[in-house]
Structures are given as C-alpha cells and as structure tokens.
Amino acid sequence: MGVGRLIVLTGPSGVGKGTLLRSLLDRHPELYLSVSATTRNPRSGEIEGQHYYFTNRSQFDRMIAAGELLEWAEFAGNCYGTPRLPVEERIQQGQRVILEIELEGARQIQQTFPSALRIFILPPSLAELEARIRQRGQDTEEAIGQRLHRAQIEISAANEFDHQIVNEELETALDCLETLLFQPMPKSEA
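Take the sequence shown: its position 95, counting from 1, is numbered 94 in numbering that gives the first Met the number 0, and each next residue is one higher.
The following block contains the structure:
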C-alpha cells in the first residue's frame with residue numbers, strides 16, 4: 000500500500016486546472032478526486048456521490064458546526080465544501096486524494112489539514128489568461144473583467160503555496176505536477 004496524502008490544486012479561473020486534472024486522472028486512475036458537498040440543486044446528469052453530495056442549507060450548516068468539512072465557501076447563494084471523513088478514509092487507505100478548490104478553501108486547508116501538499120497553478124501571463132478566458136466564449140465583457148481582477152488578487156497569493164506550476168504548455172505542466180505528486184515525502188510527513 001502506498002502512502003496517502005492530500006493534494007490541493009488551486010489557481011485562477013481559466014488557468015487550466017480542470018484540463019490538467021483530467022489529464023492527470025487519465026494517466027493515474029489510482030488518484031482519488033474528492034467529491035464536494037453542495038446546497039445547490041443537481042443539474043441534469045449529475046449523480047449523488049459522484050459529482051457532488053447534494054444537501055440542504057440546514058444540513059450543510061450542521062456539517063460546518065460539527066467540524067465535518069475540511070473547507071467550505073459560499074458562492075452565488077450556494078454553499079460548497081469538502082467532507083472530511085471520505086478524504087481521511089482514502090488517505091488512511093494509502094490513496095492520494097486531490098481537491099480542486101478555490102483560493103479561500105485552499106487557505107482553510109492550511110489550517111484544517113496542514114500536511115496537505117498545496118499547489119498553485121499559474122498562467123504564463125495575464126494576457127494569456129485573458130486570451131484563454133475569451134476563447135471559452137462563455138463570458139460577457141463585464142464577467143471577463145471581473146475574472147481578470149479576481150485572478151490578479153489570486154495570483155498575488157501564489158507564494159502562500161508549497162509549489163507553483165506555470166501552465167504554459169500542458170505536457171510540461173503535467174510532468175511537473177506528476178513529479179510533485181509522486182516524489183517521496185520527507186520522513187517527517189510520512
């Protein structure tokens with residue numbers, strides 16, 4: 000059995016976290032992607048326990064009060080959080096567990112799970128990030144401006160993380176991510 004570990008991936012919207020993560024999971028199916036809890040309603044095709052754990056606000060508030068979440072945040076009137084128990088169980092079983100979360104959640108993980116490996120994904124430049132967001136074709140000019148403003152704030156926090164990876168070229172960034180995830184842990188963390 001391998002050594003379990005919590006891995007946190009964060010970075011600004013449009014930086015390519017999802018693409019990196021999908022490629023990583025394709026190469027390494029032994030990795031476990033944590034499933035978040037949310038108070039929002041399921042979308043068409045979403046499966047309970049696979050995409051999210053769907054809950055109501057009072058249940059979510061109870062989970063917060065009981066310390067059952069490693070991190071949580073509220074976005075657009077809905078709450079999202081990482082249930083502690085499934086993550087801890089997988090780590091105890093020797094698995095590497097990945098959380099793809101926002102900056103505020105990643106900061107909470109530093110407090111609730113200080114042994115986590117925290118990785119910040121950076122764009123090669125703000126101009127490239129803007130080009131990627133525009134290529135999606137999903138946002139209004141106002142939304143693009145808001146995303147870029149938030150990205151600048153998030154990028155300024157990159158040095159809070161254990162490692163930073165610049166996602167300029169997917170294969171190079173993926174290789175760097177694999178190296179970080181599969182290098183032996185220092186004895187004090189094992």
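Ideal placement from N, C-alpha and C gives every residue a C-beta, glycine not left out.
Bridge-paired residues (DSSP) for residue i
i: R95; result: R4
i: F119; result: T9 and Q163
i: N77; result: F74
i: L82; result: Before going further, note that residue 82 is Pro rather than Leu in the sequence given. Per DSSP, L68.
i: E47; result: Y51
Coil, strand or helix - residue i by DSSP
i: I154; result: helix
i: T38; result: coil
i: L179; result: helix
i: V14; result: coil
i: L32; result: strand
i: Q137; result: coil
i: S22; result: helix
i: F213; result: Residue 213 lies beyond the stretch modelled for the chain, which goes from 0 to 189, so this question has no answer here.
i: S124; result: coil
i: I100; result: coil
Rounded Cβ spacing between residue i and residue j (contact assumed at less than 8 angstroms)
i: L20; j: E127; result: That pair is no contact at about 19 angstroms.
i: L180; j: I164; result: That pair is no contact at about 11 angstroms.
Beta-carbon proximity list for residue i, same chain, < 8 angstroms, skipping 5 on both sides
i: N40; result: F53
Beta-carbon gap between residue i and residue j smaller than 8 angstroms
i: R133; j: F160; result: no
i: L147; j: E129; result: yes
i: A72; j: G93; result: no
i: G3; j: R95; result: yes
i: G80; j: E87; result: no
Residues of its chain near residue i, where Cβ-Cβ distance is below 7 angstroms and the 5 sequence neighbours each way are ignored
i: E167; result: P123
Cβ neighbours of residue i in the same chain (closer than 6 angstroms, five flanking residues each side left out)
i: L32; result: I97
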